[in-house]
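Asker: Residue numbers (this note's numbering): 37 to 190. Could you have a look at this structure, given as structure tokens, before my questions?
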């Protein structure tokens, strides 16, 4: 029973992690494409909150429950699928930390522009490009982790 509870928590937290990431990226991307500074200010503020609340907590819950599941199931830590999962998760995390910082800069710059009634400054667009550059590998890394977690191919 313990294994099933931990597995359920692991799957639930992975759903929050990936769902929040995809949802936040979707809304932020399309708010920015709209070029509506007020909308961008609102969406970036909400995305930062969602990232800290959901992504931040699940970035802790995922490895905690994952390592506990490995222990409970008796999988060897050196299994290829586990090692690749860990590597991909670390890659995604290394992308996520600067993305959070970038989102906070996007939030602050868009809020200032909305408040002043001015267009977004060039720094906003530089940060946004880096947000995309870091978000793409994180997305594919999480897809890889999901595949490995479900298929356990090696």
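Think of the CB as a built atom: it goes at the ideal place given N, C-alpha and C, for glycine as much as any other residue. No experiment lies behind these values; they were computed from the predicted model shown.
1. With 16 as the cutoff for other CB atoms within 10 Å, does residue 35 come out buried or exposed?
2. Is it right to say residue 171 is buried, meaning 16 or more other beta carbons lie within 10 angstroms of its own, or is it exposed?
3. Can you check whether the CB of residue 73 is closer than 8 Å to the CB of residue 155?
4. Rounded to a whole number of angstroms, what is the C-alpha to C-alpha distance between residue 178 and residue 94?
5. Ignoring anything shorter than 4 residues or poking outside the segment 110 to 159, list the alpha helix (DSSP H) runs there in chain order.
6. Given this structure, state the Cα-to-Cα distance separating residue 90 from residue 59, to the nearest angstrom.
7. Report all residues from its chain with a CB closer than 6 Å to the CB of residue 80; omit the five preceding and five following residues, and keep chain order.
8. If we ignore side chains and look at the alpha-carbon of each, how far apart do residue 111 and residue 49 end up?
9. Report the residue from 124, 83, 55 whose alpha carbon sits nearest the alpha carbon of residue 65.
10. Roughly how many angstroms lie between the CA atoms of residue 137 and residue 102, to the nearest whole one?
11. Identify whether residue 165 lies in helix, strand or coil by the three-state DSSP scheme.
12. According to DSSP, is residue 81 helix, strand or coil?
13. Around the C-beta of residue 121, are 16 or more other C-beta atoms found within 10 angstroms, so that it is buried, or is it exposed?
14. Report the CB separation of residue 105 from residue 186 in whole angstroms; it is logged as a contact under 8 Å.
15. According to the Cβ coordinates, are residue 126 and residue 167 closer than 8 Å?
Answerer: Well, looking at it:
1. Because residue 35 is not part of the residues shown, which for the chain are 37 to 190, the question remains open.
2. Indexing the chain shown from 1 puts residue 171 at position 135. So residue 171 counts as buried.
3. Walking along the chain shown from the start, residue 155 turns up at place 119. Walking along the chain shown from the start, residue 73 turns up at place 37. Yes; because the gap between Cβ atoms is below 8 Å, this pair is in contact.
4. Along the chain shown, read from residue 1 onward, the residue named residue 178 stands at position 142. Along the chain shown, read from residue 1 onward, the residue named residue 94 stands at position 58. So the two alpha carbons sit approximately 13 Å from each other.
5. List check, alpha helix (DSSP H) in window: 116 to 152.
6. Within the chain shown, numbered from 1, the residue matching residue 90 stands at position 54. Within the chain shown, numbered from 1, the residue matching residue 59 stands at position 23. A direct Cα-to-Cα measurement between residue 90 and residue 59 gives close to 11 Å.
7. Counted from its first residue, the chain shown places residue 80 at position 44. Closer than 6 Å at the Cβ level, and outside the excluded window around residue 80, lie 142, 143, 146.
8. Mapped onto the chain shown, residue 111 falls at position 75. Mapped onto the chain shown, residue 49 falls at position 13. Residue 111 and residue 49: Cα-Cα distance of roughly 21 Å.
9. What you label residue 65 is simply residue 29 of the chain shown in a count that begins at 1. When each option's Cα is compared against that of residue 65, the closest is 83.
10. In the chain shown, counting from the first residue as 1, residue 137 sits at position 101. In the chain shown, counting from the first residue as 1, residue 102 sits at position 66. Cα to Cα, residue 137 sits roughly 26 Å from residue 102.
11. As a first step, residue 165 must be located in the chain shown, where it is residue number 129. Three-state DSSP puts residue 165 in a helix.
12. As a working note, residue 81 is residue 45 in the chain shown. Collapsing the DSSP output to three states places residue 81 in a helix.
13. Taking the chain shown and counting its residues from 1, the one referred to as residue 121 is at position 85. Buried is the call here.
14. Counted from its first residue, the chain shown places residue 105 at position 69. Counted from its first residue, the chain shown places residue 186 at position 150. About 13 Å separates the Cβ atoms of residue 105 and residue 186, ruling out a contact at the 8 Å cut-off.
15. On the chain shown, position 90 is the one that residue 126 refers to. On the chain shown, position 131 is the one that residue 167 refers to. No, these two residues do not count as a Cβ contact at 8 Å.
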